[in-house]
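For what it's worth, UniProt numbering labels the leading residue of the sequence shown as 1, then goes sequentially.
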Amino acid sequence: MGTGYTEAQLRAAAADAVRAPSLHNTQPWRFRLRDGAIEVCVDPTRRLPATDPSGWGTRIAGGAALFNLRLSLAVAGTPATVRLRPYPADPDVLARLVPDLPRRPTPTEQSLYAAIGRRFSNRAPFWPDPVPADARWRLGEAARAEQCWLELVIGVSAVNAFAEIARSAHRVLERDPAYRAERADWVRTEPAPDGVPARAGGPQAEPQDLLPSRGFGGRDRAPGRDFEPEPLVAVLGAAGNTVVDQVLAGQALQRVLLTATDAGLAVSMLSQPIEVSGAREALRLSLGRFGTPQMVMRIGYGQPGVATPRRSVDEVLELAVAPG
């Protein structure tokens with residue numbers, strides 16, 4: 001193994017890590033060097049107490065950033081060995097990465113890495129073109145490669161049953177004024193390094209919509225631009241719902257998202273049925289799966305998504321950490 005990562009390697013990898021998705025684009029992560037290792041940490045100042053009181057979304061985002069970090073290091077020829085939750089007494093440290101043996105990146109790593117800058121959430125309606133079987137298989141394999149599972153919701157009756165669970169969860173969340181206020185706090189109408197720009201928020205919800213959408217201040221949709229009547233819905237799950245399971249699910253989520261981007265697919269995420277515990281359990285039962293659903297995605301073909309802003313690398317780095 002190598003002797004340790006350098007500040008230059010941390011900066012280069014962190015520039016890719018920050019492209020990961022997060023609830024309301026809060027970017028709740030920090031990266032630091034400690035004894036030659038890179039550590040991925042939660043930024044406690046960016047929690048969402050009303051939307052994410054358990055910290056599930058923060059850990060999913062941290063796992064997604066961790067996957068980008070792993071990819072960046074591997075493509076640079078300096079892959080890492082990863083230990084999750086390295087310090088039981090410090091739960092805000094999600095992962096510790098130490099140098100593994102140098103090697104050339106695999107073709108899959110190169111393809112996924114190339115997709116990082118092209119991956120955007122797409123909250124607009126998709127085209128009616130079906131997602132082919134080989135692309136669906138690739139998405140499932142991406143989840144399995146990260147110790148998670150991906151269940152596709154197929155058929156009108158199954159999609160309608162899922163939609164009812166999702167709409168019910170959405171109604172529960174919308175009844176909470178703190179939840180609505182917190183979402184509004186992260187909508188951006190002026191340039192900002194975080195939050196969801198109104199232009200990226202997707203069209204305003206309409207009564208005929210099958211699936212719920214958050215109100216990020218999007219524009220009214222053009223006539224005839226309703227959402228697809230039978231979307232491809234994918235549920236990502238982990239073996240359990242511990243902190244480690246959630247970080248694993250975040251890595252799997254990002255691998256699935258980058259695999260979809262590499263295949264020319266568009267994706268939006270629906271976390272409402274995950275955020276409401278009763279809806280999450282109803283979703284698990286409807287799938288007949290062991291383990292815990294961790295994210296829901298709508299997948300298809302559409303116009304390119306809109307990029308959301310990111311904070312500078314300097315804002316998310318901790319460079320001087322005493323040995324521990």
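Backbone N, C-alpha and C define an ideal beta-carbon position, used for all residues, glycine too.
- In the three-state reduction of the DSSP assignment, P107 falls in the helix class, which pools H, G and I.
- For a cut-off of 8 angstroms, the C-beta gap from R59 to L10 is around 21 angstroms, too long to register as a contact.
- Using a 10 angstroms sphere on the CB of F126, the tally of other CB atoms reaches 16 or more, which defines it as buried.
- Just measuring C-alpha positions, the residue of P28, Q254 and R171 sitting nearest T45 is P28.
- For A234 against L112, the beta-carbon gap comes to about 17 angstroms, at or over 8 angstroms, which does not count as contact.
- Linking S213 to A15 through their CA atoms gives a straight-line distance of about 30 angstroms.
- Taking V159 as the centre and dropping the five residues before and after it, the same chain places the C-beta of V153, L210, E230, P231 and V233 closer than 8 angstroms to its C-beta, in chain order.
- L270 carries a strand assignment under DSSP once its states are collapsed to helix, strand and coil.
- A straight line joining the alpha-carbon of A13 with that of T292 spans about 30 angstroms.
- Annotation: R47 to I116 spans about 24 angstroms, alpha carbon to alpha carbon.
- The Cβ-Cβ distance between Y301 and A266 falls below 8 angstroms.
- Distance from the CA atom of T3 to the CA atom of D100, rounded to whole angstroms, is 10 angstroms.
- In this structure, the beta-carbon distance from P105 to V75 falls below 8 angstroms.
- Within the segment 128-209, the complete alpha helix (DSSP H) segments of 4 residues or longer fall at 133-145, 156-174 and 177-185, listed in chain order.
- For A37, the enclosing beta strand (DSSP E) begins and ends at A37 to V42.
- Membership of A74 in the alpha helix (DSSP H) is indicated by the continuous run W56 to V75.
- Between Q294 and the set G240, R255, L66 and V156, the nearest pair of CA atoms involves G240.
- In the DSSP assignment, R255 falls within the unbroken alpha helix (DSSP H) covering V243 to D262.
- Burial state of G63 is buried, judged by a 10 Å Cβ sphere holding 16 or more other Cβ atoms.
- If you draw a straight line from the Cα of V131 to the Cα of L66, it comes to about 28 angstroms.
- Apart from sequence neighbours up to five positions away, the residues of its chain that approach I38 with a beta-carbon distance below 6 angstroms are Y5, L10 and L97, ordered along the chain.
- Around the C-beta of S54, fewer than 16 other C-beta atoms lie within 10 Å, and the residue is accordingly described as exposed.
- Contact check for A145 and R255: beta-carbon distance about 6 angstroms, within the 8 angstroms limit, so the pair qualifies.
- Excluding sequence positions up to five before and after S72, its CB lies within less than 6 angstroms of the CB of A13 and D16, all in the same chain and listed in chain order.
- Measuring C-alpha to C-alpha distances from D245 to each of W56, R19 and L23 identifies W56 as the nearest.
- Taking the C-beta atoms as reference points, L270 is found nearer than 8 angstroms to V296.
- Contact between V172 and V276 holds: their C-beta atoms lie close to 5 angstroms from each other, under 8 angstroms.
- Of all alpha-carbon atoms in P309, E315 and G36, the one lying nearest the alpha-carbon of T81 is that of G36.
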